[in-house]
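Okay, so here's the structure we're looking at.
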Amino acid sequence: MPASILRSALLCCLFIMLAGLPALAQDVPVAMHDGPPEQGTVPLELEELWRAGGMDDEDIIFGQTPDIICDKAGHTFVLDHQLCQVAVFSAEGELLRTIGREGDGPGELRQPMGLAMLGDDLLGIGIGFPGKVVTMRLDGTPVGTLYPIGVPSEGNIGVMMSLQAADGWLCAGGARLMFTSPEDASSLRFLSAAPLGQEDFTRLLEKTNPLDPLAHLYDEAADYYWDLSWALGPEGTLYVPRDRDRYEISVFGSDGTLQRVFGRQTPSRKRSQEEKDRVRPIINVNNAQQDRDWQICDTDPAISRIAYNFDDDTVWVLTPGGSSEQPEGILETWDVFSPDGRYLRRVPIPLGHEMNEGTSFLVGGGRLIVLRGSTSAPGESDEELEAEEEPEPLEVICYRIK
């Protein structure tokens, strides 16, 4: 297979979906709630600290922004996938510098997809293909490279799909394409984890899924993936939504051992026909519409995102309905659980009066950062982008949680 075709296929695999993991035969605590939370509904009280970008800022422009993190000193790091750089802001919102630029040399980035703080003065930037983590000092000085997906020289040619670091651990989601013949392909998906400072990563939660590169056959339920929804908690604990259609969080230790399961007994959000029509596999050569057998689900995945809040040791869960079907004045509504699975409260984020579209990031230190607006989803065609109305410029807004 020509290198260009293999590279293109591997890049597409960055967005290939994964079948849910099979149930593990382990006797662990299970807590599935069918009633209201213990503390009821507790809206966040927010105080704006600063904002950057948007309609009123002529100096700062953001492209596709897949990740935002903060360090202990209050610096905010905004990853720009489109511009291949990281914008660094002070605790007061002053743009201090940008780190990186497009390219393949030292200090250069290509297809950046995630950020991770690896130390007080060390930033990790995840690169989609070939999957790796480029490390830099906060002044932009290149340091080295980590390979959570595997060292390419040892045959580990794959993509990185997600990246998180917390409490002394680094974890990444990865994928590899495997071809037994030109007509027989599959994707291997997994999480890899290691303590910070180590370079030998342990591969966890592996799953192999058949793949049709031409997208003539597509089963959305079978191809469900969770690698953009999981969260990393204390001591390498992983919070993973394994089942597409169940509001269920599986908690794994750093060695991949299932520890507990918790969630809610609630139905998934039903899609409209228009929403179903918009669902398609990312790998879809020439947008072929003929001779296809696509099985699209009537409902959204039960869980969109999971986040661990280290400020109060709670697990935050966002559903599709919690972000798309909110009352006037509410941007998102999250469910909050204790680490042992108690359903504590529902938390509305009261910013809907200001923005119609936005994504919130729990960054620690008593702060919430909202990316106002939306970027095009990876894989959207040029024709689809041209058909959309010109979006407002993205804006990053930092709030203090009172």
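For the sequence shown, the numbering used here gives the first residue as 1081, with consecutive numbering after it.
Backbone N, C-alpha and C fix where the C-beta goes; we use that ideal spot for every residue, glycine too.
Simplified DSSP assignment, three categories, for Asp1107: Collapsing the DSSP output to three states places Asp1107 in coil.
Please specify which runs of the alpha helix (DSSP H), each continuous and at least 4 residues long, are wholly inside the stretch 1382-1410, giving them in chain order. The stretch 1382-1410 contains these whole alpha helix (DSSP H) runs: 1400-1404.
Going by DSSP, what residues sit across from Asp1373 in a beta bridge? Asp1373 pairs with Leu1297.
With a CB to CB cut of under 6 Å and the five nearest residues on each side skipped, what residues in its chain are close to Gly1154? Answer for Gly1154: Ala1171, listed in chain order.
Say whether the stretch 1170-1189 touches the stretch 1210-1225, bearing in mind that this needs 3 or more beta-carbon pairs closer than 8 Å, one atom from each stretch. Three or more beta-carbon pairs drawn from the stretch 1170-1189 and the stretch 1210-1225 are found closer than 8 Å, and the two stretches are therefore classed as touching.
Please name the residue in Ala1382, Lys1212, Met1241, Val1341 whose C-alpha comes closest to that of Gly1230. Of the candidates Ala1382, Lys1212, Met1241, Val1341, Lys1212 places its Cα closest to the Cα of Gly1230.
Within the same chain, show all residues whose beta-carbon is closer than 6 Å to that of Thr1439, passing over the 5 residues directly before and after it, in chain order. The residues are Leu1451.
Cut-off 7 Å between Cβ atoms - residues of its own chain near Leu1297, not counting five sequence neighbours on either side: Only Asp1373 meet the Cβ criterion.
Run through DSSP, which three-state label would Lys1350 get? DSSP places Lys1350 in strand when its eight states are reduced to three.
If the criterion is Cβ atoms closer than 7 Å, does the pair Phe1157 and Leu1195 meet it? Yes.
Quick test of your reading: Leu1318 and Phe1332, contact by CB under 8 Å. State the CB separation rounded to the nearest angstrom. Here Leu1318 really is in contact with Phe1332; their C-beta atoms are around 4 Å apart, less than 8 Å.
Starting from Phe1259, follow the beta strand (DSSP E) in both directions and report where the run begins and ends. That run of the beta strand (DSSP E) goes 1249-1261.
Quick check: the stretch 1331-1349 against the stretch 1263-1270, are there 3 or more CB pairs under 8 Å? The stretch 1331-1349 vs the stretch 1263-1270: no contact.
Burial state of Leu1226 (16 or more Cβ within 10 Å): By the neighbour-count rule (16 or more Cβ atoms within 10 Å), Leu1226 is buried.
Can you tell which of Ala1167, Arg1349, Asp1307, Glu1315 has its C-alpha closest to the C-alpha of Arg1326? Residue Arg1349 is the option with its Cα nearest to Arg1326.
Do Asp1147 and Leu1163 count as a contact pair if the criterion is CB distance below 7 Å? No Cβ-Cβ contact shorter than 7 Å links Leu1163 with Asp1147.
Of all the options Val1168, Ala1387, Ala1245, which has the alpha carbon lying nearest to the alpha carbon of Gly1206? Here the closest residue by C-alpha is Ala1245.
Between the stretch 1112-1127 and the stretch 1416-1427, are three or more C-beta pairs nearer than 8 Å? Because the criterion of three Cβ pairs below 8 Å is met, the stretch 1112-1127 and the stretch 1416-1427 touch.
Going by other Cβ atoms of all chains shown within 10 Å of its Cβ, with 16 needed for buried, is Arg1217 buried or exposed? Exposed.
Tell whether a beta-carbon distance below 7 Å holds between Lys1356 and Glu1127. No; because the gap between Cβ atoms is not below 7 Å, this pair is not in contact.
Buried versus exposed call for Gly1115 [16 or more other C-beta atoms within 10 Å across all chains shown]: Flag for Gly1115 reads exposed.
Using a beta-carbon distance below 7 Å, is Asp1303 in contact with chain B? The structure shown contains no chain B, having only a single protein chain.
Three Cβ pairs or more, each shorter than 8 Å: is that satisfied between the stretch 1403-1411 and the stretch 1298-1309? Too few Cβ pairs lie closer than 8 Å, so no.
Under the three-state reduction of DSSP, which class applies to Asp1264: helix, strand or coil? Residue state, collapsed to three classes: strand.
DSSP state of Gly1459, grouped into three classes? Low confidence applies here, because Gly1459 scores a pLDDT of 43, under 50, leaving its location unreliable; read the following figure in that light. Looking at Gly1459 - three-state DSSP - the assignment turns out to be coil, as it is neither helix nor strand.
For the candidate residues Pro1314, Gly1421, Leu1284, whose alpha-carbon lies nearest to that of Val1110? Across the set Pro1314, Gly1421, Leu1284, the C-alpha of Gly1421 shows the shortest separation from the C-alpha of Val1110.
Assigned exposure category for Cys1176 - 16 Cβ within 10 Å defines buried: Reading off the sequence, residue 1176 comes out as Leu, not Cys. Flag for Leu1176 reads exposed.
Between Thr1346 and the rest of its own chain, which residues show a CB-CB distance below 6 Å, the 5 nearest in sequence each way excluded? The beta carbon of Thr1346 lies closer than 6 Å to those of Tyr1327 in the same chain, with the five residues before and after it left out.
For Ile1179, the first and last residue of its enclosing beta strand (DSSP E): Ile1179 -> beta strand (DSSP E) spans 1175-1179.
One or two residues paired with Cys1150 in a DSSP bridge: Within the DSSP secondary-structure output, Cys1150 pairs in a beta bridge with Thr1156.
Nearest CA to the CA of Gly1143: which residue from Pro1471, Arg1480, Leu1129, Tyr1479? Nearest Cα to Gly1143 within the set Pro1471, Arg1480, Leu1129, Tyr1479: Pro1471.
Contact check, Gly1180 vs Leu1474 under 8 Å by CB: the rounded distance? Not quite, the Cβ-Cβ distance comes to about 18 Å (not below 8 Å), so this is no contact.
Reference Arg1351; option with closest CA among Phe1342, Ser1330, Ile1376: Per the Cα distances, Ile1376.
Exposed unless 16 or more other CB atoms sit within 10 angstroms - verdict on Glu1412: Answer is buried; the Cβ neighbour count reaches 16.
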